[in-house]
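Throughout, the numbering used here is defined as the position within the sequence shown, counted from one, plus 106. First up is the structure itself, then whatever we jot down about it.
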Amino acid sequence: MKLFDLTDKIALITGGTHGLGMAMAKALGDAGATLIINGHTPSKMKAAMDSYQAEGYKAHEFIFDVTNEEEVIENIKKIETEIGPIDILVNNAGMIQRVPALEMEVDDFRKVLDVDITGPFIMAKQVAKYMVERKKGKIINICSMMSELGRNTVSAYAAAKGGLKMLTRNLATEWAKYNIQVNGIGPGYFATDQTAPIRVDGHPFNDFIVNRTPAGRWGDPEDLGGTTIFLASKASDFVNGQIIYVDGGILATIGKPMNES
(Lines of atoms letter the chains of each structure in order from A; the text may use other names.)
(Lines give C-alpha, C1' and ligand atoms only; values in the text may rest on other atoms or scores of the structure.)
Protein backbone atom coordinates (compact mmCIF):
# COMPACT_ATOMS: atom_id res chain seq x y z
CA MET A 107 0.00 0.00 0.00
CA LYS A 108 3.00 2.31 0.27
CA LEU A 109 2.84 2.64 -3.51
CA PHE A 110 -0.43 4.54 -3.14
CA ASP A 111 0.40 6.55 -0.01
CA LEU A 112 0.21 10.33 -0.56
CA THR A 113 1.14 11.38 2.96
CA ASP A 114 3.11 14.65 2.92
CA LYS A 115 2.18 15.28 -0.72
CA ILE A 116 0.50 18.50 -1.84
CA ALA A 117 -2.18 18.25 -4.52
CA LEU A 118 -3.63 21.21 -6.43
CA ILE A 119 -7.07 20.51 -7.92
CA THR A 120 -8.58 23.10 -10.27
CA GLY A 121 -12.35 23.26 -10.22
CA GLY A 122 -12.29 21.37 -6.94
CA THR A 123 -15.28 23.12 -5.40
CA HIS A 124 -17.94 20.67 -6.55
CA GLY A 125 -18.82 17.60 -8.59
CA LEU A 126 -16.13 15.30 -9.91
CA GLY A 127 -13.36 17.73 -8.96
CA MET A 128 -14.40 17.54 -5.32
CA ALA A 129 -14.70 13.74 -5.49
CA MET A 130 -11.17 13.41 -6.86
CA ALA A 131 -9.82 15.89 -4.33
CA LYS A 132 -11.35 13.95 -1.44
CA ALA A 133 -9.89 10.71 -2.79
CA LEU A 134 -6.43 12.31 -2.78
CA GLY A 135 -7.08 13.57 0.74
CA ASP A 136 -8.11 10.08 1.86
CA ALA A 137 -4.72 8.87 0.61
CA GLY A 138 -2.99 11.45 2.80
CA ALA A 139 -2.50 14.47 0.54
CA THR A 140 -2.85 18.09 1.60
CA LEU A 141 -5.35 19.70 -0.77
CA ILE A 142 -5.13 23.03 -2.58
CA ILE A 143 -8.61 23.77 -3.88
CA ASN A 144 -8.94 26.15 -6.81
CA GLY A 145 -12.15 27.76 -8.00
CA HIS A 146 -13.35 31.14 -9.22
CA THR A 147 -16.71 31.58 -7.46
CA PRO A 148 -16.50 32.71 -3.81
CA SER A 149 -19.87 31.26 -2.81
CA LYS A 150 -19.00 27.82 -4.22
CA MET A 151 -15.59 27.99 -2.57
CA LYS A 152 -17.10 28.72 0.84
CA ALA A 153 -19.51 25.78 0.58
CA ALA A 154 -16.69 23.53 -0.61
CA MET A 155 -14.33 24.50 2.19
CA ASP A 156 -17.09 23.94 4.74
CA SER A 157 -17.45 20.40 3.35
CA TYR A 158 -13.71 19.66 3.29
CA GLN A 159 -13.18 20.97 6.80
CA ALA A 160 -16.24 19.22 8.23
CA GLU A 161 -14.89 15.91 6.93
CA GLY A 162 -11.41 16.51 8.32
CA TYR A 163 -9.44 17.15 5.13
CA LYS A 164 -6.34 19.35 5.15
CA ALA A 165 -7.49 21.86 2.55
CA HIS A 166 -6.53 25.38 1.49
CA GLU A 167 -8.53 27.65 -0.82
CA PHE A 168 -7.14 29.61 -3.75
CA ILE A 169 -9.48 31.62 -5.95
CA PHE A 170 -8.01 32.47 -9.35
CA ASP A 171 -8.76 32.16 -13.06
CA VAL A 172 -6.83 29.31 -14.69
CA THR A 173 -6.95 31.11 -18.06
CA ASN A 174 -5.20 34.19 -16.67
CA GLU A 175 -1.47 33.45 -16.77
CA GLU A 176 -0.53 36.35 -14.48
CA GLU A 177 -2.97 35.14 -11.80
CA VAL A 178 -1.72 31.58 -12.21
CA ILE A 179 1.95 32.58 -11.85
CA GLU A 180 1.19 34.66 -8.74
CA ASN A 181 -0.85 31.96 -7.03
CA ILE A 182 1.45 29.05 -7.87
CA LYS A 183 4.35 31.01 -6.41
CA LYS A 184 2.30 31.74 -3.28
CA ILE A 185 1.40 28.06 -2.84
CA GLU A 186 5.01 26.97 -3.33
CA THR A 187 6.40 29.49 -0.85
CA GLU A 188 3.66 29.53 1.81
CA ILE A 189 2.35 25.96 1.82
CA GLY A 190 4.92 23.80 0.08
CA PRO A 191 5.91 22.17 -3.19
CA ILE A 192 3.09 21.09 -5.48
CA ASP A 193 3.58 17.37 -6.04
CA ILE A 194 0.32 16.72 -7.89
CA LEU A 195 -1.69 18.87 -10.29
CA VAL A 196 -5.20 17.84 -11.34
CA ASN A 197 -6.39 19.96 -14.27
CA ASN A 198 -10.13 19.53 -13.77
CA ALA A 199 -11.60 23.02 -14.33
CA GLY A 200 -13.70 23.08 -17.48
CA MET A 201 -16.88 24.20 -19.19
CA ILE A 202 -19.27 23.07 -21.89
CA GLN A 203 -21.71 24.89 -24.15
CA ARG A 204 -24.33 22.79 -25.89
CA VAL A 205 -24.95 24.63 -29.15
CA PRO A 206 -25.21 23.23 -32.69
CA ALA A 207 -22.06 24.06 -34.66
CA LEU A 208 -23.97 26.11 -37.25
CA GLU A 209 -25.42 28.28 -34.49
CA MET A 210 -22.35 28.67 -32.30
CA GLU A 211 -20.68 32.07 -32.16
CA VAL A 212 -16.93 32.05 -32.74
CA ASP A 213 -16.36 33.96 -29.50
CA ASP A 214 -18.22 31.25 -27.57
CA PHE A 215 -16.19 28.55 -29.32
CA ARG A 216 -12.97 30.33 -28.32
CA LYS A 217 -14.18 30.70 -24.72
CA VAL A 218 -14.68 26.95 -24.34
CA LEU A 219 -11.24 26.25 -25.79
CA ASP A 220 -9.71 28.88 -23.52
CA VAL A 221 -11.04 27.20 -20.38
CA ASP A 222 -10.78 23.55 -21.45
CA ILE A 223 -7.38 23.43 -23.11
CA THR A 224 -5.55 26.76 -22.75
CA GLY A 225 -6.21 26.75 -18.99
CA PRO A 226 -4.70 23.28 -18.50
CA PHE A 227 -1.70 24.30 -20.62
CA ILE A 228 -1.07 27.41 -18.50
CA MET A 229 -1.46 25.47 -15.26
CA ALA A 230 0.76 22.60 -16.39
CA LYS A 231 3.44 24.95 -17.69
CA GLN A 232 3.65 27.03 -14.52
CA VAL A 233 3.51 24.08 -12.09
CA ALA A 234 5.98 22.05 -14.17
CA LYS A 235 8.60 24.80 -13.88
CA TYR A 236 8.90 23.90 -10.20
CA MET A 237 8.57 20.16 -10.83
CA VAL A 238 11.43 20.26 -13.33
CA GLU A 239 13.71 21.78 -10.68
CA ARG A 240 12.77 19.00 -8.23
CA LYS A 241 12.92 16.26 -10.88
CA LYS A 242 9.53 14.83 -9.93
CA GLY A 243 5.82 15.50 -10.29
CA LYS A 244 2.42 14.20 -11.32
CA ILE A 245 0.05 16.02 -13.68
CA ILE A 246 -3.42 14.62 -14.33
CA ASN A 247 -5.53 16.19 -17.08
CA ILE A 248 -9.26 15.52 -16.95
CA CYS A 249 -10.21 14.58 -20.48
CA SER A 250 -13.55 13.14 -21.59
CA MET A 251 -15.13 10.49 -23.75
CA MET A 252 -15.43 13.44 -26.14
CA SER A 253 -11.64 13.11 -26.43
CA GLU A 254 -12.52 10.09 -28.59
CA LEU A 255 -16.13 10.51 -29.75
CA GLY A 256 -18.27 13.19 -31.29
CA ARG A 257 -21.74 14.16 -30.12
CA ASN A 258 -24.37 16.63 -31.28
CA THR A 259 -24.05 20.22 -30.01
CA VAL A 260 -20.63 19.92 -28.31
CA SER A 261 -18.19 20.76 -31.12
CA ALA A 262 -16.12 23.19 -29.03
CA TYR A 263 -15.98 20.88 -26.01
CA ALA A 264 -15.02 17.87 -28.15
CA ALA A 265 -12.36 19.90 -29.96
CA ALA A 266 -10.90 21.02 -26.64
CA LYS A 267 -10.99 17.60 -25.00
CA GLY A 268 -9.51 15.94 -28.07
CA GLY A 269 -6.76 18.54 -27.97
CA LEU A 270 -6.25 17.95 -24.25
CA LYS A 271 -5.64 14.28 -24.95
CA MET A 272 -2.85 15.15 -27.38
CA LEU A 273 -1.48 17.89 -25.12
CA THR A 274 -1.23 15.26 -22.39
CA ARG A 275 0.80 12.98 -24.63
CA ASN A 276 3.05 15.77 -25.83
CA LEU A 277 3.79 17.11 -22.35
CA ALA A 278 4.58 13.55 -21.26
CA THR A 279 7.00 13.31 -24.18
CA GLU A 280 8.77 16.55 -23.22
CA TRP A 281 8.84 16.16 -19.44
CA ALA A 282 9.33 12.44 -18.82
CA LYS A 283 13.10 13.00 -18.69
CA TYR A 284 12.50 15.14 -15.59
CA ASN A 285 10.63 12.31 -13.84
CA ILE A 286 7.31 14.05 -14.40
CA GLN A 287 4.36 11.85 -15.34
CA VAL A 288 1.58 13.50 -17.34
CA ASN A 289 -1.55 11.39 -17.77
CA GLY A 290 -5.26 11.85 -18.21
CA ILE A 291 -8.57 10.55 -16.94
CA GLY A 292 -11.60 10.36 -19.23
CA PRO A 293 -14.77 10.12 -17.14
CA GLY A 294 -17.91 8.59 -18.58
CA TYR A 295 -21.36 9.68 -17.45
CA PHE A 296 -21.51 10.29 -13.71
CA ALA A 297 -24.20 10.86 -11.14
CA THR A 298 -23.66 14.44 -9.98
CA ASP A 299 -25.91 17.30 -8.91
CA GLN A 300 -25.75 18.59 -12.49
CA THR A 301 -27.12 15.34 -13.95
CA ALA A 302 -29.73 14.75 -11.23
CA PRO A 303 -32.68 16.17 -13.24
CA ILE A 304 -32.17 13.68 -16.07
CA ARG A 305 -31.23 10.64 -13.95
CA VAL A 306 -34.80 9.45 -13.56
CA ASP A 307 -36.45 6.33 -14.96
CA GLY A 308 -38.23 7.09 -18.19
CA HIS A 309 -36.13 10.09 -19.12
CA PRO A 310 -34.83 9.42 -22.67
CA PHE A 311 -31.24 10.40 -21.90
CA ASN A 312 -31.16 8.41 -18.66
CA ASP A 313 -32.42 5.33 -20.49
CA PHE A 314 -29.89 5.92 -23.27
CA ILE A 315 -26.95 6.11 -20.87
CA VAL A 316 -27.99 3.09 -18.81
CA ASN A 317 -28.54 1.01 -21.95
CA ARG A 318 -25.38 2.29 -23.68
CA THR A 319 -23.14 1.52 -20.69
CA PRO A 320 -22.13 -2.15 -20.33
CA ALA A 321 -22.06 -1.69 -16.55
CA GLY A 322 -25.73 -0.72 -16.80
CA ARG A 323 -25.52 2.36 -14.59
CA TRP A 324 -24.24 5.89 -14.19
CA GLY A 325 -20.85 6.24 -12.57
CA ASP A 326 -20.61 7.21 -8.93
CA PRO A 327 -18.16 10.09 -8.35
CA GLU A 328 -16.27 7.83 -5.95
CA ASP A 329 -15.55 5.53 -8.91
CA LEU A 330 -12.91 8.06 -10.00
CA GLY A 331 -11.01 7.85 -6.73
CA GLY A 332 -8.86 4.80 -7.42
CA THR A 333 -7.69 5.99 -10.81
CA THR A 334 -6.90 9.44 -9.43
CA ILE A 335 -4.85 8.03 -6.56
CA PHE A 336 -3.04 5.64 -8.92
CA LEU A 337 -1.99 8.41 -11.32
CA ALA A 338 -0.99 10.68 -8.41
CA SER A 339 1.12 8.08 -6.60
CA LYS A 340 4.39 6.19 -6.91
CA ALA A 341 2.39 3.28 -8.34
CA SER A 342 2.30 5.08 -11.72
CA ASP A 343 5.94 6.16 -11.91
CA PHE A 344 6.45 4.43 -15.29
CA VAL A 345 3.04 5.33 -16.71
CA ASN A 346 3.19 8.36 -18.97
CA GLY A 347 1.07 9.94 -21.69
CA GLN A 348 -1.89 7.64 -21.09
CA ILE A 349 -5.60 8.42 -20.91
CA ILE A 350 -7.53 6.07 -18.62
CA TYR A 351 -11.24 6.03 -19.40
CA VAL A 352 -13.46 5.46 -16.38
CA ASP A 353 -16.69 4.93 -18.26
CA GLY A 354 -18.24 1.60 -17.29
CA GLY A 355 -17.15 0.16 -20.65
CA ILE A 356 -18.86 2.59 -23.05
CA LEU A 357 -15.82 3.06 -25.28
CA ALA A 358 -15.21 -0.70 -25.41
CA THR A 359 -18.37 -1.47 -27.36
CA ILE A 360 -20.41 -0.35 -30.33
CA GLY A 361 -23.53 -0.88 -28.22
CA LYS A 362 -26.43 -3.29 -28.54
CA PRO A 363 -29.40 -3.43 -30.91
CA MET A 364 -32.65 -1.84 -29.73
CA ASN A 365 -34.34 -5.26 -29.62
CA GLU A 366 -31.63 -6.86 -27.48
CA SER A 367 -32.17 -7.01 -23.72
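Ideal Cβ placement from N, Cα and C applies to all residues, glycine included.
- Annotation for residue 173: 220, 221, 224, 225, 228 place their beta carbon closer than 8 Å to its own, counting only its chain and skipping 5 residues before and after.
- In this structure, the straight-line span from the alpha carbon of residue 351 to that of residue 116 is close to 25 Å.
- One Cα belongs to residue 332, the other to residue 133, and the distance between them is close to 8 Å.
- Boundaries of the alpha helix (DSSP H) around residue 238: 225-240.
- Nearest C-alpha to residue 144 among 304, 198, 294, 323: 198.
- Per DSSP, residue 198 is not a residue of any alpha helix (DSSP H), being assigned neither H nor E.
- The alpha carbon of residue 167 has as its nearest neighbour, out of 179, 175, 184, the alpha carbon of 184.
- In the DSSP assignment, residue 132 falls within the alpha helix (DSSP H) that extends over 125-136.
- Going by DSSP, residue 162 is part of no beta strand (DSSP E) at all; its letter is neither H nor E.
- Boundaries of the beta strand (DSSP E) harbouring residue 288: 286-293, taken from the DSSP string.
- The segment 235-248 and the segment 283-296 touch, with three or more beta-carbon pairs separated by less than 8 Å.
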